[in-house]
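Q:
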Amino acid sequence: MILRFDSVVNSRETLESAISAVLPSDLVHQAFSAVTAINTPDNLEGITGVVVRIKEIFIIENGRKGPFGQRADIYPIVLVANGQSQNPIEFSLPHMFQGIKDREKLPILDPGIAITRTFNSVPNFLDFHVLVMRSKERRREFAKALNETLNSDEGKSIINSVGTLVTGATAGVVLNISSALLQVYLKFLGAEDDEQLFYGVGSFEKELDSLGIGKEHVFTDKKHARVTIEILGLRE
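For the sequence shown, our numbering gives the first residue as 522, with consecutive numbering after it.
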């Protein structure tokens, strides 16, 4: 299975695209540097970590064709990557939501699917991935597959490569590497025949948007799913 990005939020690319639309290419870098130099991010002093929380996953179309609204078994996989942490990548343990219809929210209990990341100093970036899959099987061994992924030679190699990049990286640098790890996980999950409904990724930077902290972010392809996340800052 080859995963595809359906919705991408990347503040750096958005700003660069906006500048490129109005300035010649030889001035884009200068203009970008000038804009980021005067940008004042929110106060991150004392931040010791973040909680990335999936507040809502709304299924627009579940991928099942047929009369009267066919139901589907759906599971979301959430991954967060950042610098300045002992582990550069962390997964949430997926859960199978059975019998989901079109235009229905996944019954996620409060306070939502959450991943907590702690760090010694504020990282340069925070990347997250939300992959929504339609399962061909009623059950999946999520914990077993995750353990096999993290302990496999392929999984360790990917995580180590992220670890060598994240210290000075900016948002978006490790998106494709993290996506490769998701594909390894799907392989061990035996889910290569499952259907990707939606894959949303976000990349936030310390200097451009304060790691996205304190805001809700909505991702959608307007066809299969709409995902709402919230990033909260942790202080001692």
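We treat Cβ as the ideally placed atom computed from N, Cα and C, and that holds for glycine.
Would you say Phe640 and Gly723 are within 7 Å of each other, going by their C-beta atoms?
A: no
Q: Let me know if Ile610 comes out buried or exposed under the rule of 16 or more other beta-carbons within 10 Å of its beta-carbon.
A: Buried: at least 16 other Cβ atoms inside 10 Å.
Q: Just tell me which of Thr637, Leu600, Gln619 has its CA closest to the CA of Gly721.
A: Leu600
Q: Between the beta-carbon of Ala666 and the beta-carbon of Leu703, is there less than 7 Å?
A: no
Q: With DSSP as the reference, identify every bridge partner of Ser528, one or two as the case may be.
A: Gly721
Q: Check this for me: beta carbons of Thr749 and Glu566, under 7 Å apart or not?
A: no
Q: I believe Ile598 touches Met654 by the beta-carbon criterion, under 8 Å. Please report the beta-carbon distance rounded to the nearest angstrom.
A: 7 Å
Q: Return the chain-ordered list of same chain residues with a C-beta closer than 8 Å to the C-beta of Ser682, the five sequence neighbours on each side being excluded.
A: Ile698
Q: Quick check on the DSSP output: the beta strand (DSSP E) that includes Lys576 runs from which residue to which?
A: 568-580
Q: Out of Gly684, Gln717, Leu614, state which residue places its alpha-carbon closest to the alpha-carbon of Ile575.
A: Leu614
Q: Are the beta-carbon atoms of Ile507 and Val643 separated by less than 7 Å?
A: Only positions 522 to 757 of the chain appear in the structure, and residue 507 is not among them; the question remains open.
Q: In terms of alpha-carbon separation, which member of Lys708, Ile581, Gly570, Asn531 lies closest to Asp742?
A: Ile581
Q: Which residues does DSSP pair with Ala746 in a beta bridge?
A: Ile580
Q: List the DSSP bridge partners of Asn603.
A: Leu647
Q: When you compare each of Gln717, Asp547, Lys677, Val572 to Arg525 by their alpha carbons, which one comes out closest?
A: Comparing C-alpha distances from Arg525 to each of Gln717, Asp547, Lys677, Val572 shows the shortest one belongs to Gln717.
Q: Please classify Glu726 as buried or exposed, where buried requires at least 16 neighbouring CB atoms within 10 angstroms.
A: buried
Q: Among Ser528, Asn672, Asp715, Val571, which residue has its Cα nearest to the Cα of Phe646?
A: Val571
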